[in-house]
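Residue numbers (the working numbering): -3 to 228.
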């Protein structure tokens, strides 16, 4: 493994460490907020457990970052991501859909793809531990959406899905200007080539996320248009 490869792997796992810390804080906050307006919901308990999972994931990711040469910071700057135009309950739904139905669902697809490759045993152990939990984290989002859809019209989310998608991807994911050669050797260390990341994201959005949202009356056209504008 070259020095450049080691730095890229370390940066990737350090980034994941921060993401996991942020997710833990977000799930803890959302659990409290959901309990206020839906005290009988089973979702807050799932979210509190998910927050514990994310703290554990952060520790695992930080361990890999350090092994590759970059100590990861433990701080998380988690802030509400819902538009201020939304009311309190709608804002929580926005965050749950963005964080769970989209981000966690996409994460499961990414982890599954990585685990289909030849992975370093230490990295594989971490990926499998995270993947088991991310499946549950995605499901709790869909469960909350189902409860809310049974009480009121959630179709208003349709126009907000593009904003959720933009907030869930790295800025460079759909960049066609980056001529840097892809290093598939990094797959062994848990780092997907950009082209493969794009393919996984697009396929999961088209085949899983959008159809799932449409089951609750949320028009998938804005999401499809968002994707088409980036992959054409």
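Glycine included, each C-beta is placed from N, C-alpha and C at the ideal position.
Query                                                                                                                                                             : Result
Tell me the rounded alpha-carbon separation between residue 53 and residue 125.                                                                                   : 8 Å
In chain order, what residues of the same chain lie with their CB nearer than 6 Å to the CB of residue 173, ignoring the 5 residues before and after it?          : Reliability of the predicted coordinates at residue 173 is poor, the pLDDT of 48 falling under 50, and the value obtained from them is presented with this limitation in mind. Nothing meets the Cβ criterion.
Relative to the C-alpha of residue 150, which residue among 29, 24, 66 and 216 is closest?                                                                        : 216
I'd like to know whether the C-beta atoms of residue 18 and residue 74 end up nearer to each other than 8 Å.                                                      : yes
In angstroms with no decimal places, state the Cα-to-Cα distance between residue 233 and residue 208.                                                             : The chain is shown from -3 up to 228; residue 233 falls before or after that span and cannot be answered.
Going by beta carbon distance, what residues of the same chain come within less than 6 Å of residue 29, once the five residues before and after it are set aside? : 88
Mapping DSSP to helix, strand and coil, what is residue 7?                                                                                                        : helix
Hey, how far is the Cα of residue 107 from the Cα of residue 101?                                                                                                 : 10 Å
Ignoring anything shorter than 4 residues, give me the alpha helix (DSSP H) runs that lie fully in the region 73 to 110, in order along the chain.                : 84 to 92
Assign residue 129 to buried or exposed, taking buried as 16 or more other Cβ atoms, counted over all protein chains shown, within 10 Å of its Cβ.                : buried
Please say whether residue 205 and residue 97 have beta carbons closer to each other than 8 Å?                                                                    : yes
Could you tell me the distance, in whole angstroms, from the CA atom of residue 63 to the CA atom of residue 112?                                                 : 23 Å
Just the C-alpha distance for residue 32 and residue 1, rounded to the nearest angstrom, thanks.                                                                  : 47 Å
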